[in-house]
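Q: Just so you know, we're using this note's numbering here: the sequence shown kicks off at 79 and counts up by one.
Yeah, the Cβ is synthetic: ideal placement off N, Cα and C, and Gly gets one too.
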Amino acid sequence: DDKVIRLWHPNISTKPVGKLVGHMFSITEIVTNEKDQHVVSLSSAKVFRVWDIQTLSLLQVFHDSQGGPGDMQIYSMIYDANHGMLITGSSVMDMYPLTRMIQDTKQVPHTHEREINVMLYNKYFHQVLTICSESIIRVWELETGLEVYQILEPHGFNTEVTSAAVDESGFLFATGAYNGTVRIWDFGSGQEMKVLPEGKDWKEDEHCLRRLIFLKAQEKHQQLVLALERNGTIKMIQGKEDDIYLMVIWELPDVVPFLQDGKHAVHLRMSTRDRNMAIPFPDVELIVERNFSQPTDNPTMDLLRVNCIDLLQVEGYNLIAAGTLNGVIILWNFVTSTVKKVYRPEDCFTVNPDLHPKHFKINDILFLFRTPECARRSSQDSICSSSQCESSKGPQSSKGSKQSIHDSEVKGEQTDVMVGKQQPMDKKHPGIANLPEVQPPILVTAHEDGHLRLWTLEGRLLKDMLPFTKHSAISLTSLYTDSCTRILLAGNVEGHVILCNISSFLDPPHDEKKFKQLLSWRAHSLEIIQVIYVEEKQVVLTASIDGSVRLWHALNGHYCGYFGQRRLFELSQTRDFILPCDVTEYPIEIKEESKFTEKQKYEYPLIFDREKFEDIPWKVL
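(1) Of the residues Ile357, Leu346 and Lys439, which one's Cα is nearest the Cα of Cys386?
(2) Compare the Cα-Cα distances from Gly642 to each of Asp320, Glu219, Leu120 and Val417 and report the closest residue.
(3) Going by beta-carbon coordinates alone, are Ile262 and Gln301 separated by less than 8 Å?
(4) Using only alpha-carbon positions, find the residue among Glu191, Asn89, Leu136 and Asp130 that is nearest to Ser622.
(5) If contacts are defined as beta-carbon pairs under 8 Å, then His631 and Gln616 qualify, I think. What distance do you get, rounded to the angstrom?
(6) Going by DSSP, name the residue or residues bridged to Phe445.
(7) With DSSP as the reference, label Val609 as helix, strand or coil.
(8) In three-state terms, what does DSSP make of Phe412?
(9) Run through DSSP, which three-state label would Arg538 get?
(10) CB Tyr202 to CB Gly248, shorter than 8 Å?
(11) Near Val82, what residues of its chain come up, given a Cβ to Cβ distance below 6 Å and the 5 sequence neighbours on each side ignored?
(12) Out of Ile105, Asn634, Thr416 and Thr222, which has the shortest C-alpha to C-alpha gap to Leu646?
(13) Considering only residues of the same chain and omitting the five flanking positions on each side of Pro88, which have a CB-CB separation below 7 Å?
(14) Classify Glu297 as buried or exposed, calling it buried when 16 or more other Cβ atoms lie within 10 Å of its own Cβ.
(15) For Pro450, collect the residues of the same chain with a Cβ closer than 7 Å to its Cβ; drop the 5 residues on either side in sequence, then sort them by chain order.
(16) Taking the Cβ atom as the reference point for each residue, do Thr311 and Gly625 lie within a distance shorter than 8 Å?
(17) Given that a residue counts as buried once 16 or more other Cβ atoms are within 10 Å of its Cβ, and exposed if not, what is Leu397?
(18) Report all residues from its chain with a CB closer than 8 Å to the CB of Glu112; omit the five preceding and five following residues, and keep chain order.
(19) Give the single residue among Ser211, Glu246, Thr166 and Arg448 whose Cα lies nearest to the Cα of Pro232.
(20) Rounding to the nearest angstrom, what Cα-Cα distance links Leu50 and Asp114 in this structure?
(21) Check this for me: beta carbons of Cys304 and Leu364, under 8 Å apart or not?
(22) Anyone know if the C-beta pair for Val571 and Thr555 falls short of 8 Å?
(23) Buried or exposed, going by whether 16 or more other CB atoms sit within 10 Å of the CB of Gly401?
(24) So if DSSP puts His345 in a beta bridge, which residue, or which two residues, is it bridged to?
(25) May I ask you to report which of helix, strand or coil DSSP gives Arg84?
(26) Within 10 angstroms of the Cβ of Arg127, are there 16 or more other Cβ atoms? Answer buried if so, exposed if not.
(27) By alpha-carbon positions, which one of Asn579, Thr559 and Pro518 ends up nearest to Glu393?
(28) Can you check which of these residues, Asn634, Arg216 and Ile668, is closest to Phe655 by C-alpha distance?
(29) Assuming Val627 contacts Ile229 (C-beta within less than 8 Å), just tell me the rounded distance between them.
(30) Below 8 Å on the Cβ atoms is my guess for Ile520 versus Trp533; work out the distance and round it to an integer in Å.
(31) On the DSSP bridge assignment, give the partners of Tyr782 in chain order.
(32) Would you mind stating whether Pro358 and Lys318 have Cβ atoms separated by less than 8 Å?
(33) Output the distance between the C-alpha atoms of Ser561 and Glu613, rounded to the nearest integer angstrom.
(34) Give me the Cα-Cα distance between Lys124 and Ile152, rounded to the nearest whole angstrom.
(35) When the Cα of His529 is compared with those of Leu535, Gly537 and Lys541, which residue comes out closest?
(36) From which residue to which residue does the alpha helix (DSSP H) around Val334 run?
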């Protein structure tokens with residue numbers, strides 16, 4: 079009669095472990111929803127309340143509006159977990175379909191207390207690593223969302239960690255800090271293994287690390303890390319088995335000033351230094367004219383810094399691509415011993431008061447390359463997108479609309495591709511078709527002006543796209559592709575995720591119409607710093623400066639949850655559509671109009687003549 083629900087622990091009978099207070103009348107019935115950890119209570123006034131057991135908070139309130147409080151008294155109540163239905167019995171039976179309301183969606187998601195700096199996925203451990211600006215490293219289980227371990231102040235007191243990378247085996251990860259120090263850790267235990275200490279003559283933030291990439295080591299028990307500093311310096315860091323200290327073994331020379339005066343390429347000369355062990359990228363020097371002098375008083379020199387890098391170290395390619403603050407794309411080719419300017423925007427070296435200084439800025443750069451194995455698989459699957467091809471590994475979409483997009487692509491393009499495959503048959507061996515040729519890599523860049531641009535290595539623009547979101551021209555911040563480059567993910571400063579199908583576009587002749595945006599959804603209310611696609615689970619991970627790392631279904635942009643929430647993840651596709659409390663926009667599916675539904679243009683011979691109309695007597699009308 080005190081209108082309070084008490085929660086008890088089975089082994090503690092002295093006092094309740096929690097109380098649920100809120101009913102104004104006596105409580106007559108209680109049922110539980112074990113799956114969602116909810117309690118549904120009913121009062122004598124026929125008011126229903128849904129509570130969250132984990133947080134002891136109220137989720138929903140509704141009442142039976144039929145008759146007065148004394149009429150049609152409810153005598154019993156049960157909950158049908160299979161259908162999410164609350165069933166009550168009075169003089170009639172009533173069924174209430176309960177809206178799936180999770181307490182985690184009512185609270186602003188927080189994975190860390192501060193903004194996220196780094197997010198990584200270890201596909202071998204199936205774990206996610208996150209680092210915030212407070213320099214707390216946390217490792218999470220992907221399938222459940224449970225925290226595995228955390229590391230506090232990994233680079234020392236009050237030293238911000240700004241970058242990280244996981245090696246190819248998944249057993250190691252490296253972290254880079256604001257002061258230029260680098261540490262290598264054991265991923266499974268979180269134990270520190272090697273360290274690059276801070277230099278004595280280093281100035282504060284002079285060597286702040288923006289990006290780390292593990293290289294394929296030529297020898298066992300050797301670690302090689304490619305590092306990009308905030309000042310634009312690209313260097314290689316080496317770790318040996320018998321030494322706990324890392325060391326910088328080479329730095330790439332600054333080539334941007336040499337490409338400024340119209341030079342398209344600069345040749346490289348291999349360094350004469352003796353090395354005890356083989357390294358994937360040789361130490362090089364620029365071959366330049368002796369009378370060349372670097373400009374020192376140019377106000378745009380600060381914009382010449384490299385802002386992002388990516389590397390391609392497979393199938394005979396040995397490339398490093400770099401994007402600068404003023405929009406120049408640079409390609410280091412260590413096979414041909416050249417470094418060249420792939421693209422340079424017009425007037426990028428002049429100060430234009432009408433344009434923002436960072437208008438040309440490239441925020442991310444990515445190689446798109448399909449290995450021979452993926453090329454063979456792609457030719458067999460024709461246009462099959464990554465999310466469809468890998469469907470056997472993960473959950474299927476319960477919505478037909480998203481799946482129909484892929485189906486229409488298969489039906490519409492498979493015939494064209496198959497016809498093209500049948501023509502180049504070997505006449506001497508008609509039963510054997512030509513195997514698909516491995517195509518050269520393509521570069522994709524994410525720009526400050528919101529454009530997504532794709533280039534050949536020669537600098538030819540293949541596609542210039544402004545992704546469709548609620549607002550246009552939003553700066554792009556992050557790029558990601560799957561292992562066989564069938565999809566392309568992008569994130570922007572307003573928290574949107576853009577999902578594109580690039581499977582057919584990568585095949586020559588790179589038809590623009592085959593580059594298709596499939597989906598766009600709002601994942602955060604603030605800037606996204608990293609997007610990752612997990613193929614085996616068909617989910618997308620997003621990290622933002624709002625301090626949260628969130629999980630989404632890739633097929634339709636449905637929200638799964640965030641790392642750090644109380645309840646476990648449910649990665650299986652559900653019928654319920656849930657959004658976090660700080661997002662109100664629904665996912666946008668980009669559907670192409672069928673050629674049968676396109677509006678036809680007609681020539682209308684009848685033209686309205688107002689002068690003749692006014693001359694007609696009104697009686698005739």
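A: According to the structure data:
(1) For the purposes of this step, residue 386 is taken as the residue at position 308 of the sequence shown. Per the Cα distances, Lys439.
(2) Numbered from its first residue, the sequence shown carries residue 642 at position 564. Considering only alpha carbons, the answer is Glu219.
(3) As a first step, residue 262 must be located in the sequence shown, where it is residue number 184. As a first step, residue 301 must be located in the sequence shown, where it is residue number 223. Result yes, Cβ atoms of Ile262 and Gln301 sit closer than 8 Å.
(4) What you label residue 622 is simply residue 544 of the sequence shown in a count that begins at 1. Nearest C-alpha to Ser622: Glu191.
(5) As a first step, residue 631 is located in the sequence shown; it is residue number 553 there, counting from the start. As a first step, residue 616 is located in the sequence shown; it is residue number 538 there, counting from the start. That belief holds up - the Cβ atoms of His631 and Gln616 are roughly 7 Å apart, short of 8 Å.
(6) For the purposes of this step, residue 445 is identified with residue 367 of the sequence shown, where counting begins at 1. Partner(s): Leu521.
(7) Taking the first residue of the sequence shown as position 1, residue 609 is located at position 531. Val609 falls in the strand class under three-state DSSP.
(8) As a working note, residue 412 is residue 334 in the sequence shown. It is coil, neither helix nor strand.
(9) Reading the sequence shown from its first residue, position 460 is the one you call residue 538. Arg538: coil per DSSP, three-state reduction.
(10) If you number the sequence shown from 1, residue 202 lands on position 124. If you number the sequence shown from 1, residue 248 lands on position 170. Closer than 8 Å, so yes.
(11) Indexing the sequence shown from 1 puts residue 82 at position 4. Counting only Cβ-Cβ distances below 6 Å, and skipping sequence neighbours, we find Lys97 and Val99.
(12) Taking the first residue of the sequence shown as 1, we reach residue 646 at position 568. Of the candidates Ile105, Asn634, Thr416 and Thr222, the one whose C-alpha sits nearest the C-alpha of Leu646 is Thr222.
(13) Along the sequence shown, one-based indexing puts residue 88 at 10. Cβ neighbours of Pro88 beyond the five flanking positions: none.
(14) Within the sequence shown, residue 297 is the residue found at index 219, counting from 1. Burial call: exposed.
(15) Counting from 1 along the sequence shown, the entry for residue 450 is found at position 372. Here the set comprises Val516.
(16) By 1-based counting over the sequence shown, the position of residue 311 is 233. By 1-based counting over the sequence shown, the position of residue 625 is 547. No; because the gap between Cβ atoms is not below 8 Å, this pair is not in contact.
(17) Within the sequence shown, numbered from 1, the residue matching residue 397 stands at position 319. Buried, by the Cβ-count rule.
(18) Locating residue 112 in the sequence shown gives position 34, counting from the first residue. If we look at Glu112 and ignore the five residues flanking it on each side, its Cβ neighbours are Ala159.
(19) Taking the first residue of the sequence shown as 1, we reach residue 232 at position 154. Per the Cα distances, Ser211.
(20) In the structure as shown, the chain begins at 79 and stops at 699. Residue 50 is therefore absent and cannot be evaluated.
(21) In the sequence shown, counting from the first residue as 1, residue 304 sits at position 226. In the sequence shown, counting from the first residue as 1, residue 364 sits at position 286. The displayed chain sequence assigns Leu, not Cys, to residue 304. No, these two residues do not count as a Cβ contact at 8 Å.
(22) As a working mapping, residue 571 is identified with position 493 in the sequence shown. As a working mapping, residue 555 is identified with position 477 in the sequence shown. Going by C-beta atoms, Val571 is nearer than 8 Å to Thr555.
(23) For this step, residue 401 is matched to residue 323 along the sequence shown. It counts as buried.
(24) Numbered from 1 along the sequence shown, position 267 holds the residue referred to as residue 345. His345 pairs with Ile365 and Thr416.
(25) Your numbering for residue 84 matches position 6 in the sequence shown. Correct three-state label for Arg84: strand.
(26) Translated into positions along the sequence shown, residue 127 becomes position 49. Buried is the call here.
(27) Translated into the one-based positions of the sequence shown, residue 393 becomes position 315. Considering only alpha carbons, the answer is Pro518.
(28) Taking the sequence shown and counting its residues from 1, one reaches residue 655 at position 577. Closest option to Phe655, Cα to Cα, is Asn634.
(29) If you number the sequence shown from 1, residue 627 lands on position 549. If you number the sequence shown from 1, residue 229 lands on position 151. Contact flag wrong, Cβ pair sits at about 16 Å.
(30) Your numbering for residue 520 matches position 442 in the sequence shown. Your numbering for residue 533 matches position 455 in the sequence shown. 7 Å between Cβ atoms; contact.
(31) Not covered by the structure: residue 782. The range shown for the chain is 79 to 699.
(32) Sequence index remark: in the sequence shown, residue 358 carries index 280 (1-based). Sequence index remark: in the sequence shown, residue 318 carries index 240 (1-based). No, the Cβ-Cβ distance between Pro358 and Lys318 is not below 8 Å.
(33) Taking the sequence shown and counting its residues from 1, one reaches residue 561 at position 483. Taking the sequence shown and counting its residues from 1, one reaches residue 613 at position 535. Going from the Cα of Ser561 to the Cα of Glu613 covers about 8 Å.
(34) In the sequence shown, counting from the first residue as 1, residue 124 sits at position 46. In the sequence shown, counting from the first residue as 1, residue 152 sits at position 74. About 7 Å.
(35) One-based indexing of the sequence shown puts residue 529 at position 451. The option with the nearest alpha carbon to His529 is Lys541.
(36) Residue numbering aside, residue 334 sits at position 256 when the sequence shown is read from its first letter. Per DSSP, Val334 belongs to the alpha helix (DSSP H) from Val334 to Leu337.
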